[in-house]
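Novice: Dropping the structure in here first, questions after.
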Amino acid sequence: MRKTASETKILREIACICLKMLTANRRTTYPSTMEQMQPGEPLPSSGGGKMSSSASAKASAKDRVDDALSRLESMVDERLRVERVRADELAQRLDKLERQHDELKRVAIEVEGRLERAMEYIRSLLAADQQ
């Protein structure tokens, strides 16, 4: 089955998300004091208002868990979207196949009727020939 450009793009995005999830739990080489700041967060004070390392580690762990859950939710949402598209395509194919099946059944019934009439005609010719 040949993949379209949009399917390839979706698969590439999913692969990138999976790769990020696989690398998310690696230990960082940066010291904890060099953690990245998120926009809108207050700057850490250099004095006594500093959080304890235990509270900072808990907050950092909670942030990592929240981030991982967010990535997982987006992966699941993307997978659901892809599966919905696939289900729609399969439904269209099934509908087309059912229509083709009905058409073939109608043609087969018509051919069977013609064959029966031809057989009756041959029988009548044979009966007339024997008399």
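Take the sequence shown: its position 97, counting from 1, is numbered 100 in our numbering, and each next residue is one higher. For each residue, glycine too, the CB sits at the ideal point set by N, CA and C.
#1: If you reduce the DSSP assignment to three classes, tell me which class GLY50 lands in.
#2: Under DSSP, the alpha helix (DSSP H) around GLN133 begins and ends at which residues?
#3: Spell out a yes or no on whether the region 81 to 97 and the region 5 to 19 are touching, meaning 3 or more CB-CB pairs, one atom from each, closer than 8 angstroms.
#4: Does the beta-carbon distance from GLU81 to ILE17 come in below 8 angstroms?
#5: Give the straight-line distance between the Cα atoms of ARG96 and GLU113, rounded to the nearest whole angstrom.
#6: Mapping DSSP to helix, strand and coil, what is GLU7?
#7: Rounded to the nearest angstrom, what separates ARG109 and ARG120 at their Cα positions?
Specialist: This is what the structure gives:
#1: Bear in mind that a pLDDT of 48 at GLY50, under 50, signals an unreliable position, so the number given afterwards is only what the model happens to contain. DSSP places GLY50 in coil when its eight states are reduced to three.
#2: 56 to 133
#3: yes
#4: yes
#5: 26 angstroms
#6: This sequence places Thr at residue 7; Glu is not what is there. Note: THR7 maps to coil in three-state DSSP.
#7: 17 angstroms
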